[in-house]
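Let me begin by presenting the structure, written as structure tokens, before commenting on it.
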Amino acid sequence: MERKPILETMWNYIKKFPVTSVIIILNLAMLLLTIFSGGFTNENLYSLGALVPAAYTASPEFYRILTGMFLHGSIFHFLSNMFVLYVLGTALEKSLGPLRFFALYMLSGIGSGIAVMFLSSSLTIGASGAIWGVIGSLLVITFVRPYWFTPRSVQSIRSLMVLNLVITFLIPNVSIAGHIGGLVSGGLLILLLLPKKPYFLRNVREFYNGHEVVGDGDANIVS
């Protein structure tokens, strides 16, 4: 079987998952800006908009909640976050649709940033707060709409949640306030943004265990 050219495959992904794609591209752009503007030093990250706790500034610099979401402290930090976003963002954007997914991602990141600003004591960067919002929302969906996913995918989502929660508390230099803030934000937001039927029900209808489920031939989430 002839393989599709890489560019064609990438373009098809962008068309299918525009919000996830744009978020990854913006994070990549900020990574390159960080590298070429002075590297991953605290001083350079601060100048680019890293999130600083309110206690360390004369007045809260709320714009840093947004800018800090797109900065990373190393190439590995960037790659690990973008891999998780690629996997989970795809699953959630397919379920919610672009607009609802965009709202949930950004608001989860803002919720995470507010938690960091008032509960943390360290300069904080990274997309993980918003990504934790994605994890939290998927976790809630596995309880309120479990038939949207295969049983194996439900188990994978819940296991991933537990694993990442353990990592949050065991690995140093991880923002506990940011991760928990994003998790809680995403878990609450999905209750407001969750549609009655998955977004991709518009394209394909399947039935699973007597419930109406949707899909396009791919798993909703890697397992």
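Its first residue numbered 4, the sequence shown is counted upward by one per residue in this note's numbering.
We put the beta carbon where it would ideally sit given N, CA and C, even for glycine.
_Please return the same chain residues whose Cβ sits closer than 6 angstroms to the Cβ of N223, not counting the five positions on each side in sequence._
For the purposes of this step, residue 223 is identified with residue 220 of the sequence shown, where counting begins at 1. Note that N223 scores a pLDDT of 33, beneath 50, so its modelled location is shaky; the value from the coordinates is reported in the next line. A94, F152 and S156.
_Residues bridged to T127 [DSSP beta-bridge criterion]_ = As a working note, residue 127 is residue 124 in the sequence shown. Answer is L54, bridged to T127.
_Nearest-angstrom Cβ-Cβ length linking M72 and G114, presumed shorter than 8 angstroms_ = Stepping through the sequence shown from its first residue, residue 72 is reached at position 69. Stepping through the sequence shown from its first residue, residue 114 is reached at position 111. Not confirmed; about 11 angstroms, so no contact.
*What are the start and end residues of the alpha helix (DSSP H) that includes H182?*
Counted from its first residue, the sequence shown places residue 182 at position 179. Looking at the DSSP string, the run of the alpha helix (DSSP H) that includes H182 is I179 to L196.
*What do you get for M96, buried or exposed, if any count of 16 or more other CB atoms within 10 angstroms of its CB means buried?*
One-based indexing of the sequence shown puts residue 96 at position 93. It is Glu, not Met, that sits at residue 96 in the sequence shown. Looking at its Cβ environment, which holds 16 or more other Cβ atoms inside 10 Å, E96 is buried.
*Would you mind working out which of P63, K200, H182 and G92 sits nearest Y150, comparing C-alpha positions?*
Sequence index remark: in the sequence shown, residue 150 carries index 147 (1-based). Ranking the options by Cα distance to Y150, first place goes to K200.
*How big is the Cα-Cα spacing for I9 and Y16?*
In the sequence shown, residue 9 corresponds to position 6, counting from 1. In the sequence shown, residue 16 corresponds to position 13, counting from 1. Their Cα atoms are separated by approximately 11 angstroms.
*asked:* Tell me which residues share the same chain as S24 and place their Cβ nearer than 6 angstroms to its Cβ, disregarding the 5 neighbours each side in the sequence.
replied: Taking the sequence shown and counting its residues from 1, the one referred to as residue 24 is at position 21. Only I17 meet the Cβ criterion.
*Would you report the Cα separation of S159 and R103, rounded to the nearest angstrom?*
As a first step, residue 159 is located in the sequence shown; it is residue number 156 there, counting from the start. As a first step, residue 103 is located in the sequence shown; it is residue number 100 there, counting from the start. Rounded to the nearest angstrom, the two C-alpha atoms are 23 angstroms apart.
_Distance between A130 and R161 (C-alpha atoms, nearest Å)_ = Numbered from its first residue, the sequence shown carries residue 161 at position 158. Numbered from its first residue, the sequence shown carries residue 130 at position 127. Cα-Cα distance, rounded: 20 angstroms.
*Thinking Y49 and L126 are a contact (beta carbons under 8 angstroms), I'd like their distance in whole angstroms, please.*
Taking the sequence shown and counting its residues from 1, the one referred to as residue 49 is at position 46. Taking the sequence shown and counting its residues from 1, the one referred to as residue 126 is at position 123. 7 angstroms between Cβ atoms; contact.
*Using beta-carbon positions only, say whether S124 and L192 come within less than 8 angstroms of one another.*
Taking the sequence shown and counting its residues from 1, one reaches residue 124 at position 121. Taking the sequence shown and counting its residues from 1, one reaches residue 192 at position 189. Their beta carbons are not under 8 angstroms apart, which means S124 does not touch L192 by this criterion.
*asked:* Only counting the same chain, and skipping five residues up and downstream in sequence, which positions put a Cβ closer than 7 angstroms to that of S77?
replied: Here residue 77 is taken as the residue at index 74 of the sequence shown, counted from 1. Excluding residues within five positions, the ones whose Cβ falls inside 7 angstroms are F43.
*With 8 angstroms set as the bound, which would you pick, yes or no: does the beta-carbon of Y16 sit closer than that to a beta-carbon of chain C?*
Absent here is chain C; the protein component of the structure consists of one chain.
_Every unbroken beta strand (DSSP E) inside the region 55 to 90 [3 residues or more]_ = none
_Only counting the same chain, and skipping five residues up and downstream in sequence, which positions put a Cβ closer than 8 angstroms to that of L110?_
Within the sequence shown, residue 110 is the residue found at index 107, counting from 1. Short of 8 angstroms from the beta carbon of L110, and not among the five residues preceding or following it, lie these beta carbons of its own chain, in chain order: G136, S188 and L192.
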